[in-house]
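Chains as they are written, first to last, in the working numbering: chain D, 369 to 683; chain S, 4 to 621.
Take a look at the structure set out below.
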Amino acid sequence: MTALVFICRRLALLLLVLALVSILTFAIVNVLPGDVATAVLGDTSTPDQVQSVRIAMGLDQPLLVRYLHWIEGVLRGDFGASLQYGRPIGPMLLGRLENSAILGLITLAIGAPLAVGFGLVAALRPGGWLDRVISGFSVGTHALPEYVIGLVAILAFSIWWPLLPGSSLMDPSENPLHRPEALVLPVGVLVLGMLAVIGQLTRASAIGVLASAYIRTAVLKGVPYWRVVLRHALPNLLPPAIAEIGMYFGYVIGGLVVVETLFSYAGVGQMMTNAVAYRDVPTIQAAVLVVAAAYGVGNLLADVVALLTNPRLRT
Amino acid sequence: MTGPTLNVRSLCINYGPSAHPLRAVRDVSFQIAPGEAYGLIGESGSGKSTIAFTIMRYLRGGHADGQVWLAGQDVMRLPEAALTQVRGRVAAMVYQDPMSALNPSMRVGEQVAEAVRLHRGADRAAAAARAVELFERVHLPTPSDIAQRYAHQLSGGQQQRVVIAMALACDPKLLIMDEPTTGLDVTTEAVILELVRELRRETGVSVLFISHNMGVIAQVCDRVGVLYAGQLVEEGRTVEVLHAPRHPYTIGLMRAMPQPGGAAHRLASIPGRLPDLQDPPPGCVFAARCEIATDLCGDVMPALLPASGREASHGSRCHYRDEAEALLPPPPLIAHGKASLGAGAPLLEAVGLEKRFGRRSWLRRAAPVRAVHDVTLEIPPGQTLAVVGESGSGKSTLARCVAGLIVPDEGYVRLEETRLAAQVGRRSRLQQRDVQFIFQNPDGALNPHWTVKQLLSRPVQLYTDLRGDAVRRRVVDLLEMVNLGERYLGRFPREMSGGEKQRIGIARAFAGNPRLVICDEPTSALDISVQASILNELIALQARHGTAYLFVSHDLGVVRHVAHRVAIMRHGRIVEAGDPAEVFERPHDPYTRALIDAIPTLVPPPAVAEARVTQIVR
Numbered sequence: 369m370t371a372l373v374f375i376c377r378r379l380a381l382l383l384l385v386l387a388l389v390s391i392l393t394f395a396i397v398n399v400l401p402g403d404v405a406t407a408v409l410g411d412t413s414t415p416d417q418v419q420s421v422r423i424a425m426g427l428d429q430p431l432l433v434r435y436l437h438w439i440e441g442v443l444r445g446d447f448g449a450s451l452q453y454g455r456p457i458g459p460m461l462l463g464r465l466e467n468s469a470i471l472g473l474i475t476l477a478i479g480a481p482l483a484v485g486f487g488l489v490a491a492l493r494p495g496g497w498l499d500r501v502i503s504g505f506s507v508g509t510h511a512l513p514e515y516v517i518g519l520v521a522i523l524a525f526s527i528w529w530p531l532l533p534g535s536s537l538m539d540p541s542e543n544p545l546h547r548p549e550a551l552v553l554p555v556g557v558l559v560l561g562m563l564a565v566i567g568q569l570t571r572a573s574a575i576g577v578l579a580s581a582y583i584r585t586a587v588l589k590g591v592p593y594w595r596v597v598l599r600h601a602l603p604n605l606l607p608p609a610i611a612e613i614g615m616y617f618g619y620v621i622g623g624l625v626v627v628e629t630l631f632s633y634a635g636v637g638q639m640m641t642n643a644v645a646y647r648d649v650p651t652i653q654a655a656v657l658v659v660a661a662a663y664g665v666g667n668l669l670a671d672v673v674a675l676l677t678n679p680r681l682r683t
Numbered sequence: 004m005t006g007p008t009l010n011v012r013s014l015c016i017n018y019g020p021s022a023h024p025l026r027a028v029r030d031v032s033f034q035i036a037p038g039e040a041y042g043l044i045g046e047s048g049s050g051k052s053t054i055a056f057t058i059m060r061y062l063r064g065g066h067a068d069g070q071v072w073l074a075g076q077d078v079m080r081l082p083e084a085a086l087t088q089v090r091g092r093v094a095a096m097v098y099q100d101p102m103s104a105l106n107p108s109m110r111v112g113e114q115v116a117e118a119v120r121l122h123r124g125a126d127r128a129a130a131a132a133r134a135v136e137l138f139e140r141v142h143l144p145t146p147s148d149i150a151q152r153y154a155h156q157l158s159g160g161q162q163q164r165v166v167i168a169m170a171l172a173c174d175p176k177l178l179i180m181d182e183p184t185t186g187l188d189v190t191t192e193a194v195i196l197e198l199v200r201e202l203r204r205e206t207g208v209s210v211l212f213i214s215h216n217m218g219v220i221a222q223v224c225d226r227v228g229v230l231y232a233g234q235l236v237e238e239g240r241t242v243e244v245l246h247a248p249r250h251p252y253t254i255g256l257m258r259a260m261p262q263p264g265g266a267a268h269r270l271a272s273i274p275g276r277l278p279d280l281q282d283p284p285p286g287c288v289f290a291a292r293c294e295i296a297t298d299l300c301g302d303v304m305p306a307l308l309p310a311s312g313r314e315a316s317h318g319s320r321c322h323y324r325d326e327a328e329a330l331l332p333p334p335p336l337i338a339h340g341k342a343s344l345g346a347g348a349p350l351l352e353a354v355g356l357e358k359r360f361g362r363r364s365w366l367r368r369a370a371p372v373r374a375v376h377d378v379t380l381e382i383p384p385g386q387t388l389a390v391v392g393e394s395g396s397g398k399s400t401l402a403r404c405v406a407g408l409i410v411p412d413e414g415y416v417r418l419e420e421t422r423l424a425a426q427v428g429r430r431s432r433l434q435q436r437d438v439q440f441i442f443q444n445p446d447g448a449l450n451p452h453w454t455v456k457q458l459l460s461r462p463v464q465l466y467t468d469l470r471g472d473a474v475r476r477r478v479v480d481l482l483e484m485v486n487l488g489e490r491y492l493g494r495f496p497r498e499m500s501g502g503e504k505q506r507i508g509i510a511r512a513f514a515g516n517p518r519l520v521i522c523d524e525p526t527s528a529l530d531i532s533v534q535a536s537i538l539n540e541l542i543a544l545q546a547r548h549g550t551a552y553l554f555v556s557h558d559l560g561v562v563r564h565v566a567h568r569v570a571i572m573r574h575g576r577i578v579e580a581g582d583p584a585e586v587f588e589r590p591h592d593p594y595t596r597a598l599i600d601a602i603p604t605l606v607p608p609p610a611v612a613e614a615r616v617t618q619i620v621r
């Protein structure tokens, strides 16, 4: 009962956040200097041409009217037409979203257990050689930007030792699952990025849990140590990792700007960079809204999982 | 089996580098016969918990030497893999803080059933049934329902019953109880102790009972060992050791213990502190703090030998074991400045105080908790009003309302003629100076990055006109007032013991010559011997400066010792108030009576005394 109330409250909050995000993105994109009409027509346009395009795009209307018009479309699932391609944004975004989700979910499915496992193993003997190797490695990779790791990976695995394609370029309508080899490098780079944050978080949390009195109780009850770790420690050290994985959900769905651009992967992140470069305002707005929603849903899922795993929150 | 259940031989435990270790436990030997309960008494740093965990071969970062024979096998020489067959099966443990000893995300029934499955090879259903049976055994209400709950859904007493049930799960030969009632309310403590007695009677399990509280030990144990600085300084039958101690340390402990029965004598404190265990003294460990120590004591370590005219089992590690009690002068009687009732106007008056926590809102439907419910009280100048209650009674909230640290929902506080603002920040500087606070936990109350000089200079500058060199002189005066000296000026809180830190807290409260000091459990985090000196100091300061105290405590013995008037609090209300002698000897309210009856006294309950006359193996 309380759990249901909690989830409903969080959903309401999520809707509120999305409304605010829509206002903010709309405002920022529209008060930016530079005129969309000029951008569309290019530098050689005459003032008359610009004016007629402005009227055609509704840009002469007041900001509020334009916002209401836009948001009404969004609620109907109509994000308007892309300035760049002239096609409706909705279906385009959906395809991109699917691609990003495939990349993101595979990353989470591999990265989250791996990171939690590494963190846990490192925590068993803090300061031991295994801990130093794992922590050193993950902090080291974390210090390198994704594009550096990505470039090194392309250099190593598709140029020096040509095992995998260096680019995941494909038709936006093509399902990436049909070309799994194109996913290996982007997923690998993203997982490396995840290991550091979630791994170190799990490690810190695990050290605290393993030193707690109830772990001592379990050991002195005669429970074998591996079982103590898995049955008694693991469920209690997960919450901070789950919260962070929830944040990652938003990131891998919508924030893979660097990796998608680097590997020419047709996802939401790449779509956003293109749209910004082209000043394709409706596309930017739509993409930002979707990314914000992804973050919101990720957090919500994390909270729900936390609620289900922590009896103290449940009652 | 005929041998002892537990036989600890020459146990030494060291911490730190092997070249220059901290010698936490030195050459400790004792035995526990089948069915016997043995108590280990000691203050913090005595090594009592370290010994308990070493018996379970659970020693983090330390190194142990010696032998621990548990039901015929030497635990110290068992391979690591064999330990899971000893832990929980031959010896099981009960811990100080049951809440943290239970896994928060596992149902309590499962936590008990797990041990049964592992040690007995029982299947799921059988193990679960056994857990419910054990819960019934420890008198948990609705055992099958409790088994489905999580630790946080149980009260402190219920949690401890679950831990005891878990320990009993596989019928161990030895039950190690490490301060099992410390932190529990006195009424809960009484029922847990009764449960331990009953389990001993009915299961015949041996018990190693560790506590700093001599009253608790007297209620449960047949024999007792007194531990000081890692050495056993006295050992014998409980009745003998506690009623006719033969070691100056034990004598000191007994005299430092405030008892609700009699407040007539001054509490004896034990001056000084534990010796440095990295360089333990060559002679008697207690010599530096002993009033009757001679050169011999400093040079030669006394052996644990029986005192003359005593049973052979009653040993004391003192060269003067036969004369100790006679040589140590009994503490002087003190004429407690008795309450001059009805004389003049009260210094402080609290009228109709009310504090509720947890507002009703669109998210919460639960009714707010009334922590303080229509409380009115008066404190005459220069006197002590003690507020006593168990946890959750609202006594601390009341103290904080008076201090202005919590804003009450209703009611007000008056200091003489003026009504004080509800919030301490809104009170005038003079009013702030007049009402000061001493906190329960000196660690949390002192800024760890400030030296003693900084900590004490600030209130001096705030509440007096002194400036420059005069501030320093005043700070030194304050330090001397609380029996610390100028040498403490440059110290940081981490460089001081708990008692020293609490003295700084007292000095800080007295910096501006307050008229009322609110003491919130000022000694509950301290050892008994330190508590005695702090209480004596508070009494002396009151006599010298005419300060009034609002003294909040859960310990009726302490209250009996310091209070001119006492108020018993329960569920936010004052249920009974009056002269301490009157209230303690002829309580009107049934709750007060229950509270007083629950205090563990040094007189063992008759049931245990005759239940088992144990043959002592020596």
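All residues carry an ideal CB built from backbone N, CA and C; glycine is no exception.
Looking at the backbone, the Cα of residue 580 (chain S) and that of residue 389 (chain S) are separated by about 9 Å.
Secondary structure note for residue 379 (chain S): its beta strand (DSSP E) is the uninterrupted segment 372–382.
One Cα belongs to residue 104 (chain S), the other to residue 162 (chain S), and the distance between them is close to 9 Å. Counting only the Cα atoms, residue 115 (chain S) lies some 30 Å from residue 226 (chain S). The DSSP-derived three-state label of residue 470 (chain D) is helix.
Excluding its 5 nearest sequence neighbours in each direction, residue 48 (chain S) has C-beta neighbours in its own chain below 6 Å: 277, listed in chain order. At least one CB of chain D lies nearer than 8 Å to the CB of residue 104 (chain S). Judged by beta-carbon spacing, residue 413 (chain S) lies within the 8 Å limit of residue 355 (chain S), meaning their Cβ atoms are closer than that value. When the alpha-carbon of residue 76 (chain S) is set against those of S:587, S:136, S:8 and S:132, the nearest one is in S:8. Closest by C-alpha distance to residue 478 (chain S), out of S:397, S:317, S:496 and S:458, is S:458. Exclusion of the five residues before and after residue 246 (chain S) leaves 605 as the residues of its chain whose Cβ lies within less than 8 Å of its Cβ. Look at residue 180 (chain S): its C-beta is not under 8 Å from any C-beta on chain D. Contact annotation: residue 238 (chain S) and residue 318 (chain S) have beta-carbon atoms nearer than 8 Å. For residue 561 (chain S), the enclosing alpha helix (DSSP H) begins and ends at 559–565. Spatial neighbours of residue 274 (chain S) in its own chain (CB-CB distance under 8 Å, excluding positions within 5 residues in sequence) are listed in chain order as 292 and 536. Non-local beta-carbon contacts of residue 626 (chain D) in its own chain, meaning distances under 7 Å to residues more than five positions away in sequence, involve 514 and 515 in chain order.
For residue 171 (chain S), there are no C-beta contacts with chain D under 7 Å, since the nearest C-beta of that chain is about 12 Å from it. The bridge partners DSSP lists for residue 66 (chain S) are S:17.
With respect to the C-alpha of residue 514 (chain S), the residue from S:271, S:476, S:601 and S:503 having the closest C-alpha is S:476. If you compare the alpha carbons of D:501, D:629 and D:618 with that of residue 472 (chain D), the shortest gap goes to D:618. Taking every protein chain shown into account, the CB of residue 545 (chain S) has 16 or more other CB atoms within 10 angstroms, so this residue is buried. Each of S:393, S:578 and S:417 was checked against the Cα of residue 381 (chain S), and the nearest Cα belongs to S:417.
The contact set of residue 580 (chain D) on chain S, defined by CB atoms closer than 8 Å, consists of 103 in chain order. Among the residues of chain D, those whose CB is under 9 Å from the CB of residue 90 (chain S) are 587, 588, 589, 590 and 591, following chain order. Under the three-state reduction of DSSP output, residue 117 (chain S) falls in the helix class. Interface flag for residue 59 (chain S) against chain D is set, since a Cβ pair is found closer than 8 Å. The way I'd put it, the segment 496–505 of chain D doesn't touch the segment 594–604 of chain D; fewer than three beta-carbon pairs between them come closer than 8 Å. When Cβ pairs closer than 8 Å are counted between the two stretches, the segment 649–656 of chain D is seen not to touch the segment 32–52 of chain S, the count staying below three.
In this structure, DSSP gives residue 457 (chain D) a helical state, which the three-state scheme calls helix.
Short of 6 Å from the beta carbon of residue 199 (chain S), and not among the five residues preceding or following it, lie these beta carbons of its own chain, in chain order: 223. Residue 254 (chain S) carries a helical assignment under DSSP once its states are collapsed to helix, strand and coil. Counting along the chain, residue 352 (chain S) sits inside the beta strand (DSSP E) bounded by residues 351–360. Counting C-beta atoms within 10 angstroms of its own C-beta, residue 111 (chain S) has 16 or more neighbours from the protein chains shown and is therefore classed as buried. Along the segment 111–136 of chain S, going in chain order, the ones with a CB nearer than 7 Å to a CB of chain D are 117, 118, 121 and 122. The alpha helix (DSSP H) runs lying completely inside the segment 18–67 of chain S and spanning 4 residues or more are 51–58, given in chain order. Contact annotation: residue 532 (chain S) and residue 255 (chain S) have beta-carbon atoms nearer than 8 Å.
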